[in-house]
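Chains as they are written, first to last, in this note's numbering: chain A, 1 to 118; chain B, 1001 to 1110.
Heads up, the beta-carbon is just placed ideally off N, CA and C, and yes, glycines get one too.
Quick caveat, the model's predicted, so the values are computed rather than measured.
First comes the structure, then the notes that go with it.
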Amino acid sequence: QVHLQESGPGLVKPSETLSLTCSVSDDSFSHYYWTWIRRPAGKGLEWIGRVYFTGDTNYNPSLKGRATVSMDEPKRQISLTLTSVTAADTGVYYCARVVSPPTSFDPWGQGTLVTVTS
Amino acid sequence: QAALTQPASVSGSPGQSITISCKGTNSDVGSYNLVSWYQQQSGKAPKLIIYEGTKRPSGVSERFSGSKSGKTAFLTISGLLSEDEADYHCCSYAGRSTLIFGAGTSLTVL
Chain A
1 QVHLQESGPG LVKPSETLSL TCSVSDDSFS HYYWTWIRRP AGKGLEWIGR
51 VYFTGDTNYN PSLKGRATVS MDEPKRQISL TLTSVTAADT GVYYCARVVS
101 PPTSFDPWGQ GTLVTVTS
Chain B
1001 QAALTQPASV SGSPGQSITI SCKGTNSDVG SYNLVSWYQQ QSGKAPKLII
1051 YEGTKRPSGV SERFSGSKSG KTAFLTISGL LSEDEADYHC CSYAGRSTLI
1101 FGAGTSLTVL
């Protein structure tokens, strides 16, 4: 069973860039889309974007181009950068594998809390 | 791209059945049979319980079932157990390679 683990700084200052990494344990890394999803405090889940091993990416238009999702195949890692952060970007960030057909997410990482504060 | 509409909370007693709705538009739920549902227990990561509207992943209890009518998808949990107490999230394909979630529903087992 594939295992995903998010990592990154827990605190980010307003207007700065948030950078997170997700490490994937499985050799099937190259055969799936991978995605980032977040859950702001007290709110529901929000899809951020996804990447395929070809480099193809898709993003939530509500983020207005602030998000970039990329992958490093040799390291089996997926990365997220989010620019110009505000307090509204505070929340738990999850990475997940995208499956069937690719519009579902399974499994998920445990999540990492990011707080935007000065 | 507004979030899908879910009730904030539902409740039921052990052994009962409950249904959670997920209302979308003709741009998402109404146009595709690509709704998924996730269970998120307190302090844990979400878990996929329904995909493509009605399909259950291996290992997910038959007590969970999905359906759709028009622009609204439904998750039904039968024979409620205390362990079902969790937040439930729906997600739909929304065209142009984008996905959209609902605001989540908190299930309380009385």
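For chain A, is any of its Cβ atoms less than 7 Å away from the one on residue i?
| i | result |
| --- | --- |
| G1104(B) | yes |
| L1110(B) | no |
| F1101(B) | yes |
| A1045(B) | yes |
| S1067(B) | no |
| Y1088(B) | no |
Say the cut is 6 Å; is the CB of residue i nearer than that to a heavy atom of the ligand SAM?
| i | result |
| --- | --- |
| Y1088(B) | Absent from the structure shown: the ligand SAM. Ligands present: none. |
Cβ of residue i less than 7 Å from any chain B Cβ?
| i | result |
| --- | --- |
| D89(A) | no |
| Q110(A) | yes |
| S70(A) | no |
| D106(A) | yes |
| S84(A) | no |
| W36(A) | no |
Taking Cβ-Cβ distances shorter than 7 Å, what residues in chain A pair up with residue i?
| i | result |
| --- | --- |
| S1097(B) | N58 |
| L1034(B) | T103 |
| L1048(B) | S104, F105, D106 |
Output, in chain order, the set of chain A residues within a Cβ distance shorter than 9 Å of residue i.
| i | result |
| --- | --- |
| E1052(B) | S100, P101, T103, S104 |
Listing by chain order, which chain B residues have their CB less than 7 Å from the CB of residue i?
| i | result |
| --- | --- |
| G44(A) | A1003, H1089, F1101, G1102, A1103, G1104 |
Kindly say whether residue i, judged by its beta-carbon, lies nearer than 7 Å to any beta-carbon of chain D.
| i | result |
| --- | --- |
| A1086(B) | Although the question refers to chain D, the structure presented lacks it and instead comprises the protein chains A and B. |
Could you work out which residues of chain A lie near residue i, taking near to mean beta carbons separated by less than 8 Å?
| i | result |
| --- | --- |
| P1057(B) | D106 |
What does residue i touch in chain B if you count any residue whose Cβ is under 8 Å from its own?
| i | result |
| --- | --- |
| Y94(A) | A1045, P1046 |
State yes or no: is the C-beta of residue i within less than 7 Å of the C-beta of residue j?
| i | j | result |
| --- | --- | --- |
| Q1039(B) | Y1093(B) | no |
| Y1051(B) | S1031(B) | no |
| C1090(B) | L1034(B) | no |
| L20(A) | L80(A) | yes |
| T123(A) | V116(A) | The displayed coordinates of chain A run from 1 to 118. Any statement about residue 123(A) would go beyond what the structure contains. |
| L1107(B) | S104(A) | no |
| T1105(B) | V1010(B) | yes |
| L11(A) | V85(A) | no |
| request: Only counting runs of 3 or more residues, tell me where the beta strand (DSSP E) segments fall wholly within the region 38–83 of chain A, in order along the chain. | output: 46–51, 57–59, 67–72, 77–82
| query | Does the count of Cβ pairs from the region 85–100 of chain A and the region 1070–1086 of chain B closer than 8 Å reach three? | reply | Taking a cut-off of 8 Å on C-beta distances, the region 85–100 of chain A does not touch the region 1070–1086 of chain B, as fewer than three cross pairs fall below it.
| field | 3 or more residues per run - each beta strand (DSSP E) lying fully within the region 1020–1063 of chain B | value | 1035–1040, 1047–1050
| said: For the pair the region 1053–1071 of chain B and the region 1004–1016 of chain B, tell me if three or more CB-CB distances fall below 8 Å. | reply: no
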